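Colleague: Numbering (our numbering), first residue to last: 664 to 922. Even for Gly, the Cβ is constructed at its ideal location relative to N, Cα and C. Computed from a prediction, not measured in an experiment: that's the story for all the values here.
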Amino acid sequence: MRSGIWKDYATACLQWPGTILFPPVCLACHDHVVRPGTLCAGCWPAMRFLEKPWCEVMGTPFGHDMGEGFLSAEAIANPPPFARARAAVGYTGPARRMVQQLKFHDRTDLAPWMARWMLRAAGELIPDADLVVPIPLHRGRFLRRRFNQSAELARAFARLAGLPFDPVAVERIKGTRRQVGLGARERQDNVRGAFRVRPEKEIAVAGRRVVLVDDVYTTGATVSSVTRALKRAGARNVDVLTFARVLPGDFRPEDADTI
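Shown next, in the form of structure tokens:
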């Protein structure tokens, strides 16, 4: 027991200079916090973690427990091509700021912390999964941004879940308008036929149970289009996992575009 105490003391001593020079900050607002990878006292209660009860298909939370297998009106009226969708948090407040920092300010260091919450949300998906695949960026946008935020999240999640990860299984073959300001039908039309599984990756996808990863679920147009591409290539099943989700009734900010 005494050796364990000394080990903890030695670790703290080694970390102390770095903590003084570079004190840890909140993942969402940059206020100082005690430990790296945490939220401050102001952001933590504002983060909306998505919990059961929820729609078994769409993952949207219910206000009351409706019973096992109960589906939302969205899942019944417009069944998606994917089997299940899950998200870690609602796309408001601190979650919105974290996505913006990752996506537009090169904060790829946030991805491993965000993936930890995604791992918790994916508890039902992991046992049924064989492969993790991110939503791809168009080549031009990738060159401008220099990284794919969805791939950063997918890579970190796959590592935590112990699942194979393929960052280039799916490619975007058609340039489209940004999704900002488009309605649900316009978004579907905008991404129709925009994705395909690379021919050399079809063998790796065929028969697999895929977890498709993105940063934000808005209307589902993008993940649905990629799901169809994966199924055309022979994927056995596709589940969707995102860090955040725009929930019914929430305001859709202009940066909720996930492509």
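#1: Pull the bridge partners of Arg835 from the DSSP assignment, please.
#2: Quick check on Met729: buried or exposed, where buried means 16 or more other Cβ atoms within 10 Å of its Cβ?
#3: Using only alpha-carbon positions, find the residue among Val889, Ala898, Ile798 that is nearest to Val876.
#4: Rounding to the nearest angstrom, what Cα-Cα distance links Pro770 and Ser813 in this structure?
#5: Would you report the Cα separation of Glu863 and Asp793, rounded to the nearest angstrom?
#6: Counting only the same chain and skipping the five closest in sequence on each side, list residues whose C-beta sits under 8 Å from that of His768.
#7: Report the residue from Phe733, Val889, Thr881, Lys894 whose alpha carbon sits nearest the alpha carbon of Thr755.
#8: Given that a residue counts as buried once 16 or more other Cβ atoms are within 10 Å of its Cβ, and exposed if not, what is Arg807?
#9: In angstroms with no decimal places, state the Cα-to-Cα distance between Ser888 and Leu910.
#10: Per DSSP, what are the beta-bridge partners of Thr905 in this structure?
#11: With distances taken Cα to Cα, identify the nearest neighbour of Glu719 among Pro708, Pro743, Gly705.
#12: For Gly732, I'd like the list of residues in its chain whose CB is within less than 7 Å of its CB, leaving aside the five on either flank, ordered along the chain.
#13: Val868 and Ala821 - do their beta-carbons sit closer together than 8 Å?
#14: Alpha carbons only, please: which of Val796, Arg698, Gly705 is nearest the one belonging to Val873?
#15: Please report the residue range of the beta strand (DSSP E) in which Val796 lies.
#16: Could you tell me which of Gly870, Phe810, Trp707, Ala898 sits nearest to Val752, measuring between CA atoms?
#17: Cutting at 6 Å between CB atoms, please list the residues of its own chain near Thr890, excluding the five before and the five after it.
#18: Under the rule that 16 or more other beta-carbon atoms within 10 Å means buried, what is Asp878, buried or exposed?
#19: Per DSSP, which residues does Asn900 bridge with? Please list them.
#20: Taking the C-alpha atoms as reference points, what is the distance between Thr701 and Cys689?
#21: Are Ala817 and Glu865 close, meaning C-beta to C-beta below 8 Å?
#22: Between Val903 and Ala748, is the Cβ-Cβ spacing less than 8 Å?
#23: Is it buried or exposed for Asn811, if we count other Cβ within 10 angstroms and need 16 for buried?
#24: Which of the three DSSP states is assigned to Val886 in this structure?
#25: My output table needs one value for Val696: the three-state DSSP class, helix, strand or coil.
#26: Taking the alpha helix (DSSP H) that Glu815 belongs to, which residues open and close that run?
Modeller: Result, derived from the coordinates:
#1: Phe858
#2: exposed
#3: Ile798
#4: With the sequence shown as reference, residue 770 is identified as Arg, and Pro is not the correct amino acid for it. In this model, Arg770 and Ser813 are separated by some 13 Å (Cα to Cα).
#5: For Glu863 and Asp793, the gap between their C-alpha atoms comes out near 18 Å.
#6: Taking C-beta separations shorter than 8 Å and ignoring five residues to either side along the sequence, His768 has no partners in its chain.
#7: Thr881
#8: exposed
#9: 20 Å
#10: DSSP lists Ala750, Asp877 as partners of Thr905.
#11: Ranked by how close their Cα comes to the Cα of Glu719, the residues Pro708, Pro743, Gly705 have Pro743 in first place.
#12: Its chain contains Glu719 as the residues whose beta carbon lies nearer than 7 Å to that of Gly732, once the 5 sequence neighbours on both sides are disregarded; these appear in chain order.
#13: no
#14: Val796
#15: Per DSSP, Val796 belongs to the beta strand (DSSP E) from 794-797.
#16: Measuring C-alpha to C-alpha distances from Val752 to each of Gly870, Phe810, Trp707, Ala898 identifies Trp707 as the nearest.
#17: Pro744, Phe745, Val901
#18: buried
#19: In the DSSP assignment, the residues bridged to Asn900 are Arg872.
#20: 6 Å
#21: no
#22: yes
#23: buried
#24: In the three-state reduction of the DSSP assignment, Val886 falls in the helix class.
#25: coil
#26: In the DSSP annotation of this structure, the continuous segment of the alpha helix (DSSP H) that includes Glu815 starts and ends at 812-824.
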